[in-house]
Amino acid sequence: MILKGVTLPNGEVTDVEIESGCISSIKRTTSSGLDCDGLVLLPGFVDLHAHLRQPGFEESETVLSASQSAAAGGYTTVFAMANTEPTQDSPATVQYVSCLGEQVGLVRVRPIGAITKGLQGKELAPLAAMAASSAQVKVFSDDGNCLVNVDLMREALLEVKKFGGVIAQHAQDHQQTVGAQMNDGKLSIELGLTGWPRAAEEQIIARDVELAIETDSRLHVCHVTTAGGVEVIRWAKAKGAKVTAEVTPHHLLLNEELVRSYDPVYKVNPPLRTEEDTFALRRGLLEGTIDVLATDHAPHSKERKECEWQSAAFGMVGFEIAASVLFKVLILEGEGDWNDFARIMSIKPSEIGGLTKIGNPVEGSVADLVLFDPTTSRVISKQTHSLSTNNPWAGLELPGRVVHTMFQGRLTVKDGELVG
Amino acid sequence: MKHLVSIRDLSRQDALSLLSSAQELSQVNERSIKKLPTLRGRTVVNLFYENSTRTRISFEIAAKRLSADVINVSADSSSVTKGESLKDTAQTLEALGADCIVLRHPTSGAAHQLANFGWINSSVINAGDGTHEHPTQALLDALTIQQKLGEDLSEMKVLIVGDIRHSRVARSNAILLGMLGARVEFAGPDSLVPIELKNLAASISNDFDVSIANKPDVVMMLRVQRERMLENFKDSQREYINQWSLSRERLQKLAKRTLIMHPGPINRGLEISPEAAEDPRSVILQQVKNGLAVRMAVLHRLLSEEQ
Ligand SMILES: [Zn+2]
Chain A
1 MILKGVTLPN GEVTDVEIES GCISSIKRTT SSGLDCDGLV LLPGFVDLHA
51 HLRQPGFEES ETVLSASQSA AAGGYTTVFA MANTEPTQDS PATVQYVSCL
101 GEQVGLVRVR PIGAITKGLQ GKELAPLAAM AASSAQVKVF SDDGNCLVNV
151 DLMREALLEV KKFGGVIAQH AQDHQQTVGA QMNDGKLSIE LGLTGWPRAA
201 EEQIIARDVE LAIETDSRLH VCHVTTAGGV EVIRWAKAKG AKVTAEVTPH
251 HLLLNEELVR SYDPVYKVNP PLRTEEDTFA LRRGLLEGTI DVLATDHAPH
301 SKERKECEWQ SAAFGMVGFE IAASVLFKVL ILEGEGDWND FARIMSIKPS
351 EIGGLTKIGN PVEGSVADLV LFDPTTSRVI SKQTHSLSTN NPWAGLELPG
401 RVVHTMFQGR LTVKDGELVG
Chain B
1 MKHLVSIRDL SRQDALSLLS SAQELSQVNE RSIKKLPTLR GRTVVNLFYE
51 NSTRTRISFE IAAKRLSADV INVSADSSSV TKGESLKDTA QTLEALGADC
101 IVLRHPTSGA AHQLANFGWI NSSVINAGDG THEHPTQALL DALTIQQKLG
151 EDLSEMKVLI VGDIRHSRVA RSNAILLGML GARVEFAGPD SLVPIELKNL
201 AASISNDFDV SIANKPDVVM MLRVQRERML ENFKDSQREY INQWSLSRER
251 LQKLAKRTLI MHPGPINRGL EISPEAAEDP RSVILQQVKN GLAVRMAVLH
301 RLLSEEQ
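Taken in sequence, the protein lines are chains A and B.
FYI, the numbering for the first sequence is 1 to 420, going by the UniProt record's numbering.
FYI, the numbering for the second sequence is 1 to 307, going by the UniProt record's numbering.
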């Protein structure tokens, strides 16, 4: 197959030939192929943080529906968070999830292992065994259950260091967020909703980067949301800590003012912060303090969202808008270019997640590719390929569109539609 | 106007006109035949997820004086945690003929959701949502102040004392009285009057006696929720009383025309001394009366205009 007239991240227009799942050549040819005029060719996107909900919560999402939604968003690899039922805390469960992903075959599903058994924060899960299993787990996280216990956190960092793994921490000091519903500040006071202090996030980040320095092991900070958090990470990187960080599309573009509607579609953990925070996060991303965009795609069934704010579940879907949000804040409104885009969406996350052979498209590399149309824009509909509709982006107009997605040399999405 | 969820839904003009019709209706309440035919054939449902006999009865009598049919539903708030019940319950009540749902709910924003999420077509009146708002309470307080001190509230000094952080009464009052030109001061211990409250009030005080020395026109004492006070106020109950109760001593320092207000029910001897509650300057019972008039005015506005 030949992709005709693609625009490479550096601006060069050329043809790309795919053979046996790999890129066989990147040069102008006379043969015909799929017309990609005006489309930017990018490496397939890699999402370090997503909730696929299977096994255990199939009414919200399955590996199939999540893979479809991810492919539609340009993803070729998705890291599946560990809070399934049963928890992904054993070789058996991670291999099962990995296997579900292979059966679907639309994206590479890489399970994230739980750091502690049952996400209970009490006893380490068998990290090395999960790493050695066929699921090849490299990333470990208790996500929503931030590992507050400092001794266990240190132990986990030392353990993953042995096999080149990474601990991904959802930074939240639970003592400071009892009953918390939204960002702490003037607005939470006005709305009568319990506030979620920034310190609850920033203190854990600060502690963890110290531990990363002490253990000389790898820490990945999940979904940073505050200007202060960005500063702590900047400091840690300057000190040479092996720390990386992610930001979500919603924390880049949405802010707490939306909570005025009391619509639980805007309820998310960590919460939407202020507009100033979104600017700090964008700067952090552009300068590389924040390494990657990760969706924290968190589908929830209708009854968990169509209820009082306080009773509603935290989380929102994100696969299908992520690239458009990044395009908007990084390129249209920021000073970033397509190389930055590829770094943030694909190259860095694959590096952090311990994947090999995924990078900027070069001859010989696996044909995990996205063709993105930067000239169009679209109004987001509530229903996406996800089984859930907790979609805060519905009705918003976002620029750009994923036109084709190719996974291992095969089109999974063609002209915006799922293939087969 | 279809709903009354927040004082913020009202323009200054809306508020003044509600207050003046409440004033007219309060005179009806003084007559021997108190009933008006205005809302005959309309159904008002009091949907209460929190126990509040006073507020429920006030809405009930108000609706009946306007000849509406009234249904009281007290929902089990334990089912609230399961999530779906508010929408389902409201839709069921509407199917049974409710024209207006008066909602009391422990969750901030519940009335806003009911009014704005397209679940139902009925009018919604917020009878208190979590720690957010209680708009009819603010209206009845404003009416009481107008009756006692004059219709124009400009530059009037209103001191609201207690657990402001968790008070829907304080929020609604600060917004409404501020809109009508009054200067509202919040007073209470640091932990219960966080600095973030500053944009709701003209000023914040952490010393009751200093606030009293500034000669407020109105002192509004908030009800102390015992469990919450013990949890938030590190010092003992006695210490709280020393610093924040409208005691006999403080009562003597109030000017002669200062109004003493309280949304009720009062904790005698806790936030307010028996002497203060029974002082001639206390208008607590007038507030209760005005509650009826204000709720009649609101029901009238929402339901008769819609027809
Ligand atoms: Zn998380």
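The beta-carbon is built from N, C-alpha and C at its ideal position, and this holds for glycine as well.
{"Item": "Could you check what DSSP says for Arg104(B) in three-state terms: helix, strand or coil?", "Value": "strand"}
{"Item": "Taking all protein chains shown into account, decide if Asn199(B) is buried (16 or more other Cβ within 10 angstroms of its Cβ) or exposed.", "Value": "exposed"}
{"Item": "Among the candidates Ile112(A), Ser217(A), Ile18(A), whose CA atom is the shortest distance from the CA of Pro91(A)?", "Value": "Ile112(A)"}
{"Item": "Excluding the 5 residues preceding and the 5 following Thr376(A) in the sequence, name in chain order all residues of the same chain whose CB lies nearer than 8 Å to its CB.", "Value": "Pro399, Gly400, Arg401"}
{"Item": "Gly315(A) touches chain B at which residues, Cβ-Cβ below 9 Å?", "Value": "Going along chain B, no residue has its Cβ under 9 Å from Gly315(A), so there is no contact; the nearest lies around 14 Å."}
{"Item": "Anything in chain B within Cβ reach of Tyr262(A), meaning under 7 Å, just list it in chain order.", "Value": "Gly109, His112, Gln113"}
{"Item": "Leaving out five residues before and five after Thr177(A) in sequence, what residues of the same chain have Cβ atoms less than 6 Å from its Cβ?", "Value": "Trp196, Ala200"}
{"Item": "Name the chain B residues that come within less than 8 Å of Ile189(A), Cβ to Cβ?", "Value": "Arg165, Pro194, Glu196, Leu197, Leu200"}
{"Item": "By alpha-carbon positions, which one of Gly228(A), Lys302(A), Thr274(A), Gly353(A) ends up nearest to Gly284(A)?", "Value": "Gly228(A)"}
{"Item": "Which two residues bound the contiguous beta strand (DSSP E) that contains Gly5(A)?", "Value": "2-7"}
{"Item": "Within its chain, find whatever has a CB closer than 8 Å to the CB of Thr384(A); leave out the 5 residues flanking it on each side and keep chain order.", "Value": "Ser69, Ala72, Val317, Phe319, Glu320, Asn391"}
{"Item": "Given the structure, does Asn269(A) come close to ligand 1, in the sense that its CB is under 7 Å from one of the ligand's heavy atoms?", "Value": "yes"}
{"Item": "Can the beta-carbon of Asp163(B) be found less than 8 Å from the beta-carbon of Val224(B)?", "Value": "yes"}
{"Item": "Among Asp190(B), Gln243(B), His166(B), Lys157(B), which one has its Cα closest to the Cα of Thr215(B)?", "Value": "Per the sequence shown, residue 215(B) should be read as Lys rather than Thr. Considering only alpha carbons, the answer is Lys157(B)."}
{"Item": "Using a threshold of 8 Å, state whether the C-beta atoms of Leu157(A) and Leu106(A) are closer than that.", "Value": "no"}
{"Item": "Helix, strand or coil, according to DSSP, for Met179(B) in the structure here?", "Value": "helix"}
{"Item": "Could you work out which residue in Asn46(B), Ser52(B), Ile241(B), Val124(B) is closest to Glu60(B) when comparing CA atoms only?", "Value": "Asn46(B)"}
{"Item": "So, using beta-carbon positions, are Val298(B) and Ile125(B) closer together than 8 Å?", "Value": "yes"}
{"Item": "Please tell me whether, using a cut-off of 7 Å, the distance from the CB of Asp296(A) to the nearest non-hydrogen atom of ligand 1 is below it.", "Value": "yes"}
{"Item": "I want to see whether chain A comes within less than 8 Å of Lys2(B), judged by CB atoms only; does it?", "Value": "no"}
{"Item": "When the Cα atoms are used, what is the spatial distance from Glu133(B) to Leu103(B)?", "Value": "12 Å"}
{"Item": "Val80(B) to Leu86(B), Cα distance in whole Å?", "Value": "Low confidence applies here, because Val80(B) scores a pLDDT of 49, under 50, leaving its location unreliable; read the following figure in that light. Between Val80(B) and Leu86(B), the C-alpha separation is close to 7 Å."}
{"Item": "Count the other CB atoms within 10 Å of the CB of Thr248(A); is the residue buried (16 or more) or exposed (fewer)?", "Value": "buried"}
{"Item": "Kindly indicate the opening and closing residues of the alpha helix (DSSP H) around Val325(A).", "Value": "322-326"}
{"Item": "Out of Gln252(B), Met296(B), Gly291(B), Arg42(B), which has the shortest C-alpha to C-alpha gap to Glu275(B)?", "Value": "Gln252(B)"}
{"Item": "With respect to the beta strand (DSSP E) encompassing Thr375(A), which residues constitute its N-terminal and C-terminal limits?", "Value": "369-379"}
{"Item": "Ignore the nearest five residues each way along the sequence and tell me which others in Phe48(B)'s own chain have a CB closer than 6 Å to its CB.", "Value": "Arg56, Ser74, Arg104"}
{"Item": "Does the beta carbon of Gly83(B) come closer than 8 Å to any beta carbon on chain A?", "Value": "Any reading at Gly83(B) needs caution, since the residue's pLDDT is 49, under 50, leaving its predicted position unreliable; the model's value is listed next. Judged by the 8 Å Cβ criterion, Gly83(B) is in contact with chain A."}
{"Item": "When every heavy atom of ligand 1 is checked, does at least one fall within less than 7 Å of the C-beta of Asp216(A)?", "Value": "no"}
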